[in-house]
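Novice:
There are 2 protein chains.
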Amino acid sequence: MRRDIFQAIADPTRRAIIALIAVQAMTPNAIAENFQTTRQAISKHLRILTECELVITKQQGREIYYTLELDKMKEIDKWLEQFRQLWETRYSQLDELLTTLKSKKK
Amino acid sequence: MRRDIFQAIADPTRRAIIALIAVQAMTPNAIAENFQTTRQAISKHLRILTECELVITKQQGREIYYTLELDKMKEIDKWLEQFRQLWETRYSQLDELLTTLKSKKK
DNA sequence: AATATACGCAACCGATTGGTTTCTCAAAAT
DNA sequence: ATTTTGAGAAACCAATCGGTTGCGTATATT
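Chains as they are written, first to last, in our numbering: chain A, 2 to 107; chain B, 2 to 107.
(1) Compare the beta carbon distance of Tyr67(A) and Ile19(A) with 8 Å and say whether it is the shorter of the two.
(2) If you measure between the beta carbons of Arg4(A) and Cys53(A), is that distance less than 8 Å?
(3) In whole angstroms, give me the CA-to-CA distance for Thr51(B) and Leu87(A).
(4) Can you tell which of Thr38(B), Lys73(B), Ala11(B), Ser44(B) has its C-alpha closest to the C-alpha of Met27(B)?
(5) Let's see if you can read the secondary structure: which residues bound the alpha helix (DSSP H) around Gln41(B)?
(6) Along the chain, which unbroken stretches of the beta strand (DSSP E) at least 3 residues long are found entirely within the stretch 56-90 of chain A?
(7) Taking the CB atoms as reference points, tell me whether Ile6(B) and Ile77(B) lie closer together than 8 Å.
(8) Hey, out of Ile10(A), Thr101(A), Leu102(A), whose CA is closest to Leu55(A)'s CA?
(9) Using a C-beta cutoff of 8 Å, does Arg4(A) count as contacting chain B?
(10) Are the CB atoms of Ala33(B) and Arg40(B) within a distance shorter than 8 Å?
(11) Whole angstroms are fine: how far does the CA of Gln94(A) sit from the CA of Thr38(A)?
(12) Looking at Phe84(B): is its Cβ nearer than 8 Å to the Cβ of Leu71(A)?
(13) In angstroms with no decimal places, state the Cα-to-Cα distance between Met74(A) and Lys103(A).
(14) Measure the alpha-carbon distance for Gln25(A) versus Lys59(B) and round it to whole angstroms.
(15) Can you give the Cα-Cα distance for Leu12(A) and Gln8(B), rounded to whole angstroms?
(16) Measure the alpha-carbon distance for Ala42(A) versus Glu89(B) and round it to whole angstroms.
(17) Anything in the stretch 73-88 of chain B with a Cβ closer than 9 Å to a Cβ of chain A? List those residues in chain order, please.
(18) Using a beta-carbon distance below 8 Å, is Leu71(A) in contact with chain B?
(19) Between Phe36(B) and chain A, is any beta-carbon pair separated by less than 8 Å?
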């Protein structure tokens with residue numbers, strides 16, 4: 002079980018589920034209504050999302066509400082950070098280059 | 002071939018490759034030296050990364066240099082945007098709550 | 001000209017994935 | 001008390017994945 006966030010968000014259905022429950026907590030049946038697959042398939046996706054802690058559950062009677070764990074989403078953001086730094090410095094380098102070119106023109 | 006970025010970054014080896022070539026363009030052999038697998042395995046990963054345009058190639062003699070396409074990386078950032086908005090508004094709501102509590106204390 | 005190197009491609013293999021169907025169980029509704 | 005409903009668990013299946021080995025080819029080196 003290699004359950005990590007990157008593997009979890011690799012599936013388009015799971016990304017759609019994430020987007021859905023980001024707005025409000027939902028039950029498996031309610032989620033499944035938005036897709037043309039069985040509830041069991043959705044249930045499996047939810048298990049994967051729960052296992053990597055991207056989603057937390059709250060039982061209420063016989064219904065189980067699934068909520069997005071935003072803090073876990075931040076881990077993706079954290080990973081992106083190193084590249085964001087790169088593309089920002091590259092842009093500033095481009096800026097510098099343009100500035101240099103302009104000043105040379107004068 | 003469902004080659005999308007999210008599927009591409011799902012594999013830890015591919016994420017490592019991305020991090021490697023983010024610094025500088027590299028050949029398959031040079032990349033493979035950093036892992037304990039065969040060059041062919043790395044080559045396959047590079048093909049996947051190329052197919053979803055996360056990486057571009059530049060032939061130089063018999064060597065092929067692989068470079069990270071930062072613009073494509075931004076697409077992940079773009080997807081995260083919707084959730085970033087959520088977690089920021091939630092924090093500001095928390096801030097508001099704290100401010101309200103403080104003013105009530107007075 | 002002959003050999004070595006860098007690389008992509010194809011065939012193959014076991015493990016994993018996403019999906020279905022069937023079953024069970026507990027909570028609600030009748 | 002019986003039936004309906006919400007949901008996880010298990011068994012199964014085809015497709016895909018990550019890896020290996022072997023091969024072909026173009027560029028360098030000798």
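Virtual Cβ for every residue (Gly too), placed ideally from N, Cα, C. In this text, all values refer to a predicted model and were calculated from it rather than measured experimentally.
Specialist: Reading it off the structure:
(1) no
(2) yes
(3) 20 Å
(4) Ser44(B)
(5) Taken as a continuous stretch (DSSP letters only), the alpha helix (DSSP H) holding Gln41(B) covers 40-52.
(6) Here the runs fully enclosed are 56-61, 64-69.
(7) Yes, the pair counts as a contact, with Cβ atoms nearer than the cut-off.
(8) Ile10(A)
(9) no
(10) yes
(11) 49 Å
(12) yes
(13) 42 Å
(14) 47 Å
(15) A quick correction: the sequence has Asp, not Leu, at residue 12(A). Using only the alpha carbons, I get a separation of about 7 Å.
(16) 32 Å
(17) Met74, Lys75, Ile77, Asp78, Trp80, Leu81, Gln83, Phe84, Arg85, Leu87, Trp88
(18) yes
(19) no
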